[in-house]
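Just below is one structure, and these are the notes that go with it.
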Amino acid sequence: PHFMIELPEKEDALCFNINDRPGTIFSLVTDPQSGILVNGQIIGDKKIPPDGKMNTYFWRFGIVHQTLGVRLEVNTRDISVFQDSKWVKLLWSDSASLKGLNVDLLVTKERSLMVTLKDSVKFVVLLHKVWEKHPYHRDYLGFYTLDSHLLSPAVHGLLGQFYHGIEYEVSELRPGEVPEKPDATMFVKGQQLNVTRGWQRDFRRDMKNGENVPCWFVHNNGTGLIDGDATDYVVSGLF
Amino acid sequence: TNEATVEVHSVTVDCTVTSRFARTVMTSVALNKANTSQEIFFEVELPKTAFITNFSMEIEGRVYVGDVKEKEKAKKQYEKAVSSGRTAGLVKASGRKMEKFSVSVNIAAKSNVTFILTHEELLQRKLGHYEILTRVKPKTRVQKFQIVVNIYEPQGILFVDAHATFLSNDLLPLVEKTVTDKKAHVSFSPTMEQQRKCPDCDGTLIDGDFIIKYDVNRAKSFGDIQIVNGYFVHFFAPPDLRRVPKNVVFVIDISGSMYGTKMTQTREAMLQIVKDLHEDDHFALIKFGSAIYTWRDSLSKATQENITEAINYVKDIDSEGMTNINDAVLRGVAMLIKDRKEKKLPERSVDIIILLTDGMPNVGESNTAKIQENVLSATGGKMSLFSLGFGNDVDYSFLDVLSKQNKGIARRIYEASDATLQLQGFYDEVASPLLLEVDLRYPDNAVEMLTTNHFSQLFNGSEIVVAGRLTDNDLDNFMVDVMGQGLEEDYKAQGQASPVKWTDIYPDEEYIFGDFTERLWAYLTIQQLLEKSKSGPADEKENATAKALDMALKYSFVTPLTSMVVTKPETEDGTDSPLIADKLTEEQRQQAERRGYHYMSASPPMYTPTYHSSPTYFVDGD
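Going line by line, the protein sequences match chains A and B.
Going letter by letter, the first sequence gives residues 1040 to 1278 in my numbering.
Going letter by letter, the second sequence gives residues 141 to 762 in my numbering.
Now the structure itself:
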C-alpha cells in the first residue's frame, strides 16, 4: 500500500510504500489518550503477476474507540459495527446511513464508508472493486483521514504520527533514475534521506483512475521518515 | 463595467501633499444607460501605508457615507450580514505596495452614481526621496480622466519627477509639471481619443502606476519645524553628515527550502552587498541550516583582500539542513559582543545583524517567543537586528517583533525575479547610518502628546519625523534641542521654532493647511501605537491598543483596529447590506498570498500539486 501525507500549508506531500508478507497487521493510528485504534491487515495478489512483483493492499481494518465503546470491522466484503452492546452488519452493496450517539456511518454503495466518531476523528474507507475473475488482483481498501485535529499529541501509528505535522526541508534537487522523477535530499527528524519526486494516487474524487498527487517519495518502507521501522508497527490482532 | 450599458463620465484622482502628509481623493461618476437596473463596480487601489478616511456613494440624490467603527463592533454587524449571505469585505491585498478597495451597487435605469474614496498617509523618505503612487485601471476610456497632484512643502522643493508605467511617447507630453520654490503641480488629463489603445479598438492605454518622486531642501542643524493650528511637526534629516562605520553580521538561511532560485538570488545579492561594503565597515558572514557555519570567527574589516575572500565564500554558499534561527542569531550577537570587548571594532560604530530567512525555525529552539526572549536578552538592546523574510513560509509577525525589540525592522522579500534587487534595496536603506541615538527635545511646558522622539539611528536618505501638540496656542516660538552620536563627535543642534505664516508662503491657498498638521500628528501617533501594541510588556500593549483605537475613531482612520461600515441602498426586496472596509495587516497580506501561491520554486512547475485546504493522511493501493 502507498501512504500519503499531504501538507497543504507547505503545498507539498510526502509518500512511502510499506510492504510485508500477506496477512501482516499494521498499526495505522493509535491514541492511548482518547482510546482510538486503527489497525489494518494486508493481503497479496491471487498469484504472482507476470512482472514478478507481488502487490499487497489493505483488505481489512479494525477500528476501536474504547472510550465510546465502539468497534468497527471493515473488510472488502462487509462492515460490522459494534455499539450499544450489539453488532450491526452493513453491506457494501447497499447505500446506508447510521446515526448513533457516538458514531455516524455513511455507506455509499460499492464505493465508500464515511465514519465520524464523536469528538475525535473522521475518516473515509474506500472500496476498490476488482473484476472478480481477474487472474491476479483482488478487492482492496483505502483509508483516508479527514479530520484528526481532536486527537491527542500522543497519537502515533504509521499515519497517526503525522497528524500533528512534520518538519522537513528538501534541497539538492538532482537527476534521478527516471528523467521525470528527480532525486533530492530531505532533512527530516535529524537525518538526511535520499528522496525521489513522484506521484501517488488519491482516489477520493475519482475512484477509477485516482488523481495524481505529486509527493516526495521516501524509499525503503519509509525508513527515516517514520519513527523506527515498519516492523515496529506490526501488531498481532485487528483489535 | 459593462461597456455597452455603463458610461464612465469621469475618473479623477486629486492628491494634495502638505509637508509630506498626503490626502488623496478618488472620484468616479458613472451612468447606467440601460433600461433596467444593473450592478456598477467601483474598484480602486491605494497604498498599503495609507489609511482610508472617507467613502461615499451618491445614488439618486441620496448620499451613503461610510462610518468608521471599532472593528469588533463592525464585525458583529458584518457577521450578522454574512450569516444571511449578504455581504463581503471591501479591501483586499494587491501586490507588494497596494491594497484594493472594491464595491458594487445596483443602479436604477438611466441613473448616475458617484463614488468618492479618500485616503491619507504620511510619505516616508527612503533613499533620498518621497514617493506618491497612484494606480489607475479605468478599464474603459473615460470622458474626463484626470490625475492632479499638488505638493506644498514650506521647506522648498528640491526636485519633482513624474512618470507612469503606461506612458507612451504620445502621452508623455500630457504630463504637466510646474515647480516653484515651495509648490509643485503635476497633472495628467488625456482626452478620450488620447486614451485610445489603438486606432481601431476601444481599449484604453491608461493602465498602470503613476509615480511622483520628490525631495525637499534639507534644513541644516536642527531641521525644520512647522507649527500650524496648535500642532507642530519636526522634520530632521540634515545634509552633509558623514556616515558612521557599521559592524554588520549577515546571518543567512541556507536550509533546504532555500534551494534553487532563492539560494541563487541570495548569493547574487550578497555578492553585490559585500562588494559595496564601505572600507570603514567591519563584517561577518554566518550561514545556517541545522548547523551554524561562520566564515571567520570574528568580524573582518572590509579591506579589498577580505572582500575578495568573502566573495569566494559567498559563491560557494549552498543549501542544506533545516532552520536553526535561534543559534545562528545568537552566534552573530556573541561575535559582535566578543569583538567589542576585545576592542576590535571602532568605538564609534553601529552594530547590526541582518538576518535572512525563508522559513520557520524547526531545529534547536523552535518556540518563536523563546527565540525573541533569547535574542533580546543576548543583545541587551544594544544592537540592531534587521530581518528579511523571504517568501511566504516564514511568519512575518515573528520577525517583525524580533526586529522591533532590537532596534530594527523587518521586511518581506517577495519571491520573484527581482528578489535580488529587493535584498540589495533593503540593504542600501540601512547601509549608511549617519547618527546614532538621536534625541529630539522640546520644552516640557510647551508640548504634549509627543510622538516618539528618540531614534536609534538616522540612515542616509531617510528622515526623522516628530509631531506633537502645543499646550499654548498663542506660542510665539519654542526651543528645540537635537542630540546624537556622529562619526567623530556628538551631534548637537539647537534652534527656535516659530509658527509658519502660511499666508506669506501660499497667499492664495491657506485653506489647504487647516487640519493637515493635526492629522499628520494623529497618523504618526496611531502608527507608533500600533507598533507598540505588537511588542513590549502586556500592559503597555493593551494601553497602546486602547489609545490607538480611540484616536483612529476620533480621526476617522481605517486601521487594523477599526473598520469602515458602508451601508448600501436597500434592494428591491427591502434588505440593506452593510459592507466592511478593513485595514489589512502584513500578516493577513502574507496569508492571502500563501493561499494563492503555488508550490515551491525549487522543483519544476510540472509538479504543482492539487491544492487542498486541510491536511490529508491516507493509505491506499497502488
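For each residue, glycine too, the CB sits at the ideal point set by N, CA and C.
Computed from a predicted structure; not experimentally measured.
### Query
What does N502 of chain B reach in chain A if we use C-beta pairs closer than 7 Å?
E1206
ask   = Considering W1255 of chain A, what are the terminal residues of the beta strand (DSSP E) in which it resides?
value = E1250 to V1257
*C-beta contact flag for L1129 of chain A and L1166 of chain A at 9 Å*: no
Check your understanding: Who are the neighbours of L1198 of chain A on chain B, taking C-beta pairs under 9 Å?
Key -> Simply Y757, F758 and V759.
Using the Cα positions of H1188 of chain A and S1159 of chain A, report the straight-line distance between them to the nearest angstrom. 8 Å
Open item on the list: Less than 9 Å between the beta carbons of F1097 of chain A and I1081 of chain A, yes or no?
Closed with: Cβ distance < 9 Å, so F1097 of chain A and I1081 of chain A count as in contact.
*What is the DSSP secondary structure of Y536 of chain B, counted as helix, strand or coil?*
helix
| Those residues which DSSP pairs with M619 of chain B across a bridge | Bridge pairing for M619 of chain B: B:Q636 [DSSP].
Checklist entry - Which residues bound the beta strand (DSSP E) around M1246 of chain A? => result Boundaries for M1246 of chain A: no beta strand (DSSP E) harbours it, and the DSSP string shows neither H nor E there.
Report task. Output the residue ranges of the beta strand (DSSP E) runs that lie fully inside the region 145 to 232 of chain B and measure 3 residues or longer, sorted by chain position. Result -> 146 to 158, 161 to 172, 178 to 187, 191 to 199, 202 to 205 and 207 to 210
To test your reading of the DSSP string, which unbroken beta strand (DSSP E) runs of 3 or more residues are found completely within the region 525 to 574 of chain B? 550 to 553
Q.
Taking the alpha carbon of D310 of chain B as the reference point, which residue from B:K323, B:V326, B:E333 and B:F299 has its own alpha carbon closest?
A. B:E333
ask   = Any beta-carbon of chain B closer than 9 Å to the one on F1097 of chain A?
value = yes
- [ ] Please decide whether S430 of chain B counts as near chain A, where near means a Cβ-Cβ distance under 9 Å.
- [x] Chain A, which has a Cβ nearer than 9 Å to the Cβ of S430 of chain B, makes this yes.
Worksheet item: Beta-carbon of L1264 of chain A versus every beta-carbon of chain B: anything under 9 Å?
Response: no
Q.
Along the region 378 to 394 of chain B, where does the CB come closer than 9 Å to a CB of chain A? Name the residues.
A. I394
query: Do I493 of chain B and V605 of chain B have their C-beta atoms closer together than 9 Å?
result: no
* Asked: Should S741 of chain B go down as buried or exposed, given a rule of 16 or more other Cβ atoms within 10 Å for buried?
  -> For S741 of chain B, the predicted structure reports a pLDDT of 31, less than 50, and the residue's modelled location is therefore unreliable. A value from the coordinates is still provided. Burial check for S741 of chain B: the Cβ neighbour count within 10 Å reaches 16 or more, so the residue is buried.
Exercise for the section: Under 7 Å between beta-carbons, which chain A residues line up against M462 of chain B? List them in chain order, please. Expected result: E1206, E1208 and F1226
Out of A:D1133, A:F1162 and A:L1156, state which residue places its alpha-carbon closest to the alpha-carbon of K1148 of chain A. A:D1133
Taking only the alpha-carbon atoms, compute the straight-line gap between P769 of chain B and L670 of chain B and give it to the nearest angstrom.
Chain B is shown from 141 up to 762; residue 769 of chain B falls before or after that span and cannot be answered.
ask   = Within 8 Å: the Cβ of V1164 of chain A and any heavy atom of the ligand GTP?
value = Ligands are entirely absent from the displayed structure, and the ligand GTP is therefore not among its contents.
### Query
Interface residues of chain A around S537 of chain B at Cβ under 9 Å?
None at all; the shortest Cβ gap to chain A is about 16 Å.
Worksheet item: Is the shortest distance between the beta-carbon of S1159 of chain A and the beta-carbons of chain B less than 9 Å?
Response: Taking 9 Å as the threshold, the shortest C-beta distance from S1159 of chain A to chain B does not fall below it.
### Task
Within the same chain, show all residues whose beta-carbon is closer than 6 Å to that of E185 of chain B, passing over the 5 residues directly before and after it, in chain order.
S234, M238, K240 and R275
- request: Have a look at the DSSP bridge pairing and note the partners of M332 of chain B.
  value: Note: M332 of chain B sits in no beta bridge, so no partner.
Exercise. Name the DSSP bridge partner or partners of W1126 of chain A?
Worked result: A:F1121
### Query
So the beta strand (DSSP E) V276 of chain B belongs to, where does it begin and stop?
Y270 to V276
Report yes if the CB atom of F423 of chain B is closer than 9 Å to the CB atom of V414 of chain B, and no otherwise.
-> yes
*Which residues does DSSP pair with I604 of chain B in a beta bridge?*
B:F376
What do you get for C1254 of chain A, buried or exposed, if any count of 16 or more other CB atoms within 10 angstroms of its CB means buried? Buried.
Less than 9 Å between the C-beta atoms of R236 of chain B and R659 of chain B, yes or no?
no
**Prompt:** Relative to chain A, which residues along the region 395 to 406 of chain B have a C-beta separation below 9 Å, given in chain order?
**Reply:** S395, G396, S397, M398, Y399, G400 and M403
Notebook entry, point to check: On the three-state DSSP scale, how would you describe A692 of chain B?
Noted result: helix
Check: How should S543 of chain B be labelled, buried or exposed, when 16 other C-beta atoms within 10 angstroms of its C-beta is the threshold for buried?
Finding: buried
### Task
Closer than 9 Å by beta-carbon distance: list the chain B residues that pair up with M1246 of chain A, in chain order.
In chain order: nothing, as chain B lies at least about 11 Å away.
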